[in-house]
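Last residue of the sequence shown: 293 in this note's numbering, with the numbers rising by one and none dropped.
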Amino acid sequence: MKVVLYRGFAGHIHWYDPAGYLKYLHPRVDAIICIADAIRDTIRQQLFTNEDKAVTIHKGHDPAWCQDIEPADLQRAFGIPEEAFVAINVANARPMKAIHNLVRATNYLPEDLPFHLILVGKGMDTPTMKELVEASPHKDRIHVCGYREDPLSLVAAADTFVLSSLYGEAITKSVIEAMALGTTPVITDIPGNRALVSHEENGLQVPPDDPEAIAQAIYRLQQNPEWNACLGKKARSHIFNNFNIETTVEETKELFMKLAGKEMNRS
Numbered sequence: 027m028k029v030v031l032y033r034g035f036a037g038h039i040h041w042y043d044p045a046g047y048l049k050y051l052h053p054r055v056d057a058i059i060c061i062a063d064a065i066r067d068t069i070r071q072q073l074f075t076n077e078d079k080a081v082t083i084h085k086g087h088d089p090a091w092c093q094d095i096e097p098a099d100l101q102r103a104f105g106i107p108e109e110a111f112v113a114i115n116v117a118n119a120r121p122m123k124a125i126h127n128l129v130r131a132t133n134y135l136p137e138d139l140p141f142h143l144i145l146v147g148k149g150m151d152t153p154t155m156k157e158l159v160e161a162s163p164h165k166d167r168i169h170v171c172g173y174r175e176d177p178l179s180l181v182a183a184a185d186t187f188v189l190s191s192l193y194g195e196a197i198t199k200s201v202i203e204a205m206a207l208g209t210t211p212v213i214t215d216i217p218g219n220r221a222l223v224s225h226e227e228n229g230l231q232v233p234p235d236d237p238e239a240i241a242q243a244i245y246r247l248q249q250n251p252e253w254n255a256c257l258g259k260k261a262r263s264h265i266f267n268n269f270n271i272e273t274t275v276e277e278t279k280e281l282f283m284k285l286a287g288k289e290m291n292r293s
């Protein structure tokens with residue numbers, strides 16, 4: 027019998043922690059599927075032998091999952107003018123998501139900029155978040171939605187998806203979905219998501235914990251709509267070409283066959 031584990035986020039595994047040997051560092055583990063190189067490298071650093079048991083297999087995305095998504099009517103839903111530039115974030119607002127930095131970023135945008143921010147997900151309406159929104163010069167154009175059943179329709183209608191996370195991500199599903207919908211991503215430069223976005227090629231990367239850098243990225247995209255549209259198209263192609271479900275299935279099957287001592291027949 028072969029034991030294969032799956033790891034979806036970076037960190038929290040250490041060779042000196044006895045708990046690690048109950049799972050990922052257990053000598054009976056034959057392979058660890060990691061969804062990003064950053065996760066693979068983190069685990070390999072904790073393995074004294076057989077580092078190659080940690081392998082990267084990206085989480086694939088099926089284009090069919092998004093093909094029926096229609097962009098929402100943001101003017102009807104939120105009163106957002108058609109000519110406005112719209113940024114969006116969809117997340118369960120845990121501390122590591124640093125949504126507060128995204129709200130603070132609006133303080134660095136010109137007050138007369140035709141800009142709106144949509145925040146979707148649980149935990150977006152905490153007292154602290156409400157205070158930050160109220161302090162923003164764009165407070166009347168920040169829309170805190172909470173949970174929605176149609177987040178992808180909102181993402182499809184937005185101009186950019188902004189991820190402000192500080193750490194702990196691997197390859198964020200919401201960013202994959204945004205890119206698959208052709209919405210330009212702005213992400214923080216943290217392990218994992220680096221594999222998704224090449225700076226100025228299919229999106230923008232900014233330093234973590236830097237609201238001003240987030241604002242600068244948003245402003246660049248707003249000032250260059252044709253470039254923003256081009257980045258969105260390249261983001262979509264990148265997902266379908268490099269993070270497709272067929273590749274995930276093939277690479278997983280190849281790993282299982284290797285563990286079983288059989289050669290993969292690609293014919």
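Yeah, the Cβ is synthetic: ideal placement off N, Cα and C, and Gly gets one too. This one's a predicted model, so the numbers in the text were calculated from it and none came from an experiment.
Name, in chain order, the residues that DSSP records as bridge partners for residue i.
i, result
"residue 169", "144"
"residue 211", "187"
"residue 115", "145"
"residue 87", "270"
"residue 264", "In DSSP, residue 264 forms no bridge with anything."
"residue 164", "Answer is none; residue 164 lacks a bridge partner."
"residue 38", "Answer by DSSP bridge pairing: none, since residue 38 is not bridged."
In angstroms with no decimal places, state the Cα-to-Cα distance between residue i and residue j.
i, j, result
"residue 65", "residue 183", "32 Å"
"residue 171", "residue 103", "11 Å"
"residue 249", "residue 57", "47 Å"
"residue 264", "residue 45", "38 Å"
"residue 59", "residue 92", "26 Å"
"residue 158", "residue 88", "37 Å"
"residue 203", "residue 209", "9 Å"
"residue 86", "residue 228", "18 Å"
"residue 121", "residue 75", "35 Å"
"residue 223", "residue 37", "21 Å"
"residue 32", "residue 119", "24 Å"
Check the C-beta distance from residue i over to residue j and give it rounded, since I have them as a contact under 8 Å.
i, j, result
"residue 147", "residue 173", "7 Å"
"residue 190", "residue 128", "4 Å"
"residue 211", "residue 261", "6 Å"
Taking only three categories from DSSP, how would you classify residue i?
i, result
"residue 57", "strand"
"residue 80", "strand"
"residue 52", "coil"
"residue 293", "With a pLDDT of 42 at residue 293, under the threshold of 50, the modelled position of that residue is not reliable, and no figure is offered here."
Would you kindly report the start and end of the unbroken alpha helix (DSSP H) that includes residue i?
i, result
"residue 33", "From DSSP, residue 33 is part of no alpha helix (DSSP H) but of the beta strand (DSSP E) over 30 to 33."
"residue 231", "Segment 230 to 232 is the beta strand (DSSP E) holding residue 231; no alpha helix (DSSP H) there."
"residue 205", "199 to 206"
"residue 155", "153 to 161"
"residue 126", "125 to 131"
"residue 67", "63 to 70"
"residue 104", "100 to 104"
"residue 239", "237 to 249"
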